[in-house]
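Q: Chains A and B supply the protein sequences, listed in that same order.
All residue numbers for the first sequence refer to the numbering used here, where the first residue is 1 and numbers rise by one.
All residue numbers for the second sequence refer to the numbering used here, where the first residue is 1001 and numbers rise by one.
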Amino acid sequence: MGKDIDLLRGTLDMLILKAVSLGPQHGYGVLLRIQQLAKGNLQIEQGSLYPALHRLEHKGFIEAEWGESDNNRKAKFYRLTPAGKRQLRLETESWKRHGDMIAAFLSAVPEEL
Amino acid sequence: MTLIARFRSLVAGILRRKSMESSMADEMSFHIDAYTRDLIRSGVPPSEAERRARLEFGGIEVYKEGCREARGLRMLDDLRADLRYACRTLVKSPSFSITAILTLALGIGANTGLFTMMDTLLLRPVPVHDPSSLYQLFGRSANRIKFGSFSIREYDSVIAGNHVFTQVIADLQVRARLQNRSLGGYGVSGNYFQTLGGGIALGRPILPEDERPSAPPVVVLSYARWQGTFNGDPGIVGQTIELSGNRLAVVGVASAAFTGLDPVLPEFWVPLSAKQLFAAGSGLVSNEADERSLRIIGRLRPGVAEAKAQSSMSVLLPRISESRPMAMQLVDASLESRATYQSWNHADVANVLPVVGAFALILLIACTNLSNVLLARALNRSREIGVRLSLGASRSRIVRQLVTETAVLSLIAGAVGLAISHASWTLIRRVIVSSFSMKSGMPIVEINPDYRVFIFAFVLALATGIVFGLVPALHATRSTLNSALRADGTSFGSRFRRSRLRDALVIAQFAFSLVLLIGAGLLLHSTIKFGSVQPGFDVAHSISIQLIQGTYSPNPMLLARLRERLEAMSGASTVAAAMREPLRGSLPRAHVSNGPPQFRVSDAGYNEVTPEYFSVLEIPFVRGRAFAPAEARAGAPVAVISEATAKRFWPGEDPIGKTFEVTTPEYSAGGRELLLTASRTVQVIGIAKDVVSAWLSDGVDATCIYLTPKAGNSPYYSLLFRVSGDPRSFVPAIRNTLASVDPSIEFDVRTMSEVMDFQILPFRLASWGAAILGLLGLILASIGIYGVMAYTVSQRTREIGIRMALGADAPSVLWMNLREGFRLLTIATAGGLVLAFALSRIMRAMLFGVGANDPATFVIAPAVLCVIGLLAIYFPSRKATRVDPTVALRFE
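(1) If we ignore side chains and look at the alpha-carbon of each, how far apart do ILE1772/B and ILE1004/B end up?
(2) Could you round the C-beta distance between PRO1665/B and PRO1588/B to whole angstroms and report it? I think they count as a contact, below 8 Å.
(3) What span of residues does the beta strand (DSSP E) with TYR1186/B cover, start to end?
(4) Interface residues of chain A around ARG1052/B at Cβ under 8 Å?
(5) By the DSSP assignment, the beta strand (DSSP E) with ILE1200/B in it spans what residues?
(6) In chain order, what residues of the region 81–92 of chain A put their CB closer than 8 Å to some CB of chain B?
(7) Return the Cβ separation of PRO1611/B and PHE1627/B in integer angstroms, given the expectation that the two are a contact with Cβ distance under 8 Å.
(8) Who are the near neighbours of LEU1847/B in its chain, counting only those whose CB is closer than 7 Å to its CB and skipping five residues on each side?
(9) For the alpha helix (DSSP H) containing LEU1501/B, name the first residue and the last one.
(10) Would you list, in sequence order, the uninterrupted alpha helix (DSSP H) runs of no fewer than 4 residues that lie entirely inside the region 1296–1343 of chain B?
(11) If the cut-off is 9 Å on Cβ atoms, which residues from the region 41–57 of chain A count as contacting chain B, listed in chain order?
(12) Can you tell me which of the three DSSP states TRP1650/B falls into?
(13) Please work out which residues of its chain come closer than 7 Å, Cβ to Cβ, to LEU1364/B, disregarding the five sequence neighbours upstream and downstream, and give them in chain order.
(14) Starting from ARG1008/B, trace the alpha helix (DSSP H) both ways and give me its first and last residue.
(15) How many Å lie between ARG1080/B and ARG1074/B at the Cα?
(16) Short of 9 Å Cβ to Cβ, which residues in the region 1035–1069 of chain B face chain A?
(17) Which value, in whole angstroms, describes the spacing of the CA atoms of ASN1162/B and MET1579/B?
(18) For ASP1748/B and GLN1546/B, what's the separation of their Cα atoms in angstroms?
(19) Can you tell me whether VAL1749/B is helix, strand or coil according to DSSP?
(20) Quick one: give me the first and last residue of the alpha helix (DSSP H) that GLY29/A is part of.
(21) Which value, in whole angstroms, describes the spacing of the CA atoms of PRO1414/B and MET1804/B?
(22) Is GLY67/A close to chain B, meaning its C-beta is less than 8 Å from at least one C-beta of that chain?
(23) What does the alpha-carbon distance come out to for the pair PRO1620/B and ALA1688/B?
(24) I'd like the span of the beta strand (DSSP E) that includes LEU1719/B, first residue to last.
(25) Count the other CB atoms, across all protein chains shown, that sit within 10 Å of the CB of GLU149/A; report buried if there are 16 or more and exposed otherwise.
(26) Got a sec, what are the start and stop residues for the beta strand (DSSP E) THR1574/B sits in?
(27) Taking C-beta to C-beta, are LEU1617/B and MET1756/B nearer than 8 Å?
(28) Would GLN1509/B be called buried (16 or more neighbouring beta carbons within 10 Å of its own) or exposed?
(29) Does PRO1266/B come out as helix, strand or coil in the three-state DSSP assignment?
(30) How far does the beta strand (DSSP E) with THR1166/B in it extend, from its first residue to its last?
(31) Terminal residues of the continuous alpha helix (DSSP H) containing GLY84/A?
(32) By alpha-carbon positions, which one of LEU32/A, GLU63/A, LEU88/A and GLN35/A ends up nearest to ARG1008/B?
(33) Between TYR28/A and chain B, is there a C-beta pair that is closer than 8 Å?
(34) Would you mind telling me which residues of chain B sit closer than 7 Å to LYS115/A, beta carbon to beta carbon, in chain order?
(35) If you follow the alpha helix (DSSP H) that ALA19/A is in, where does it begin and where does it stop?
(36) Note down, in chain order, each residue of its chain lying with its Cβ closer than 8 Å to the Cβ of SER1435/B, except the 5 sequence neighbours on either side.
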């Protein structure tokens, strides 16, 4: 488990972008969605989500708006901006390339050399 | 790409900080509430749920700080805290703060003052409409002489013949008297105000129709003159005033902001056609239209390049100057931008370089001194810094805080420096205005700081603060990391570490001070040499009377009348007239060719004098005689030459009775313009002793030929008056006598010794200024080395105690400490000498009779430096010998 977190800590920003891209969501919702998508394999310290959200907002990848939550409480909803959409696409591509490269690397067998 | 977004977010964060903070808190509490509810729903007891939610969320404040950092607000928070801390620290040690601020303020103030002047003259746009398209027209003759003055006729031809200027204006300076007050103003072309966008406070400007010969004479007053002489009378427009005895109708008052193209404040403007009213004519040129006295400035047509305009004018100027005498016909043109008061050229750079260098050095010394003091402070705070480092503060954070402290200090110093610079300019301007009887006679524009000066002072202050604060801060945080927490960094057993940085700073201070001292010494030596120059004539009993050009129309009758009146005064002995009186500028040059056999042509200085010239100034004759009065009256072809001239033209021969041809130039009223040349053959009748006729700094004349006045007249005549007794008491009486002849003529009456003192004055001021700068630097450097030595001794107290306990005697301890100081002094002196050798050549133009590597200065200045430096190291070293071993070993 610990290993998983280490691997994924650097990609928290990407996970958030992906979560938000599925529809506007408040911070707690983002957390739930990430956990849901990761099928429980991922443990994030809950509070650490917020500096990341603010960082993304600062960079202009997401924007925030106050709205009503399911149980009629005021909550801050985050939405992907066009810049965020571009960033997500870039990161997805680079992640895929990375993954393919590593997969190819690790599946190498002596005959191929 | 995200830069704009980041910037917008940062600004929003700063401006809406409160709402951002509360929204952050709301957001997190919403998260905890929502999670709590979910936990309860999944069966956790409510009392337990909230605790768990908070626990799993983590430290709210830590994450809030994380959010602030993510938004870039953290830096600002730190900065604010640092600023508050810095102000508290500075207030807590006021004597340190005040000394540091004053030291730096002097350095910054001096440099800001210098920059203010350069800004006014070189950078600031001239306050007229679109100055960047204004160009002044110059022409060059075949022998590369530059001509900047044109006649009315030539001006008209330039207007008619050019295709590169949209507007062409012409102006010249004129003087006039208004209610017994002498005013400086401009004669301007009719389109002057329209072209320059000259603002008008009242009435109308001077217009093209005012130039018509039939137009009534009009004048536009400056705002200051209107307020001053006419108390801002709103009915002034339409009134008639009397300027130098001519009646002119006031048609308008210029706005206060309009000063024209020069860094002076004109007091009135008249049309060009009115200038003959002020008798500025030279009388040499009969035709008014041919007198060359106008400055021509054009506004470049949009889209026309300067180079193209220049080549176009180079075609036009030779054509329109065809009617000039041969030597003055123009072959090409050059344009000079009038966007600023002065345009850069290499000669100016060479002149200001030593001054800029000296000012920069003082700032450097002030900064190194401050750096040294800061370093000592930082080392004293090493315990505090060490504690903070070990508690987890990052080094960069502490450095940032220390630098903030210096930056605050230097910014305050910058503000004080700006005030010092402004105050000194106000003072200097007042001194200049009151003590110089300038020929243009117009007050210079106010030298006020503008935004560039503020930026300069701000950047200078901030840069010095950061650079000279960073070095000690880095140093202090490095050295304390490991040693500070131990009870005493220098306790017995731990190695004593000298601070190399402090040594380097002290060496730099001394070296810079030595450079300044040598500069001061060179100037001082020049002043001594200058003061001992013998002009070769008697300065004690003569008075020089100069007629101010433009206030009189020269004619032989006037001069004769003035001489008659002066000679009638009681106590007067002799009155002489001369084209140039001595010590008021270089002699004009004449071509001399001494006889057909050799047919050698060369240049020589010459003067036209009456016979009395030699007796008034008591210039002795080596051989021969002076002119006879009859010869002078008739303009006889005879000449007296100086001894040096005789040696030069007739080496080893007797020049008496020899003849030579002399070709003398004639200049326009302004003295700027060559009008025509005339040749005559003269016979040498006497040889006079060498004297100083030009500036005192030019030394004894290399050549000087005294000629009789030509028939007709010359506008240059000044009078020399010999009295018995103290000439100073005669000055008021002379003024009265002169005024009784014609009150509208202005005179500059001064005793010859005043004239001479006035020339030594700049040298004296410069050497005093340099000496003060040098001493200031030396004092700062001495304080620096004293501090270093005192610190070293205090740090080594225990070591010294042990040495003494083991049997070292006082002299050997003293010597051990002195040696350290010697080492620093020796390196500094050597470095300073090398630097001074390299730099002193830029001062060459300011020196007189002294080489840039004057041996006396290069020996005395380091000697002075060493003596003072030795005193500064002796006292702290002696303290070391008084260390009591028993006390020292119990130290701390």
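Where a beta carbon is used, it is the ideal one built from N, C-alpha and C, also for glycine.
Since the model is a prediction, treat every value here as computed from it, not as a measurement.
A: Judging by the given coordinates:
(1) 52 Å
(2) 7 Å
(3) 1181–1188
(4) Within chain A, no residue comes near ARG1052/B; the closest Cβ sits about 11 Å away, beyond 8 Å.
(5) 1200–1203
(6) ALA83
(7) 4 Å
(8) LEU1522 and SER1526
(9) 1500–1531
(10) 1306–1320
(11) GLU45, GLN46, GLY47, SER48, LEU49, TYR50, PRO51, ALA52, LEU53, HIS54, ARG55, LEU56 and GLU57
(12) coil
(13) PHE1512
(14) 1003–1015
(15) 10 Å
(16) TYR1035, ARG1037, ASP1038, ALA1053, GLU1056, PHE1057, GLY1058, GLY1059, ILE1060, VAL1062, TYR1063, LYS1064, GLU1065, GLY1066, CYS1067, ARG1068 and GLU1069
(17) 39 Å
(18) 5 Å
(19) strand
(20) 27–37
(21) Here residue 1414/B turns out to be Gly, not Pro, going by the sequence shown. If you take the alpha carbons of GLY1414/B and MET1804/B, they lie about 49 Å apart.
(22) no
(23) 6 Å
(24) 1718–1723
(25) The structure shown does not extend to residue 149/A, since chain A is modelled only from 1 to 113, so the question has no answer here.
(26) 1572–1578
(27) no
(28) buried
(29) coil
(30) 1165–1178
(31) 82–106
(32) GLU63/A
(33) yes
(34) Given a span of 1 to 113 for chain A in the structure shown, any question on residue 115/A remains unanswerable.
(35) 12–21
(36) Summary for SER1435/B: the model assigns pLDDT 48, below 50, so the residue's position carries little reliability; its value from the coordinates is reported in the next sentence. Answer for SER1435/B: no residue qualifies.
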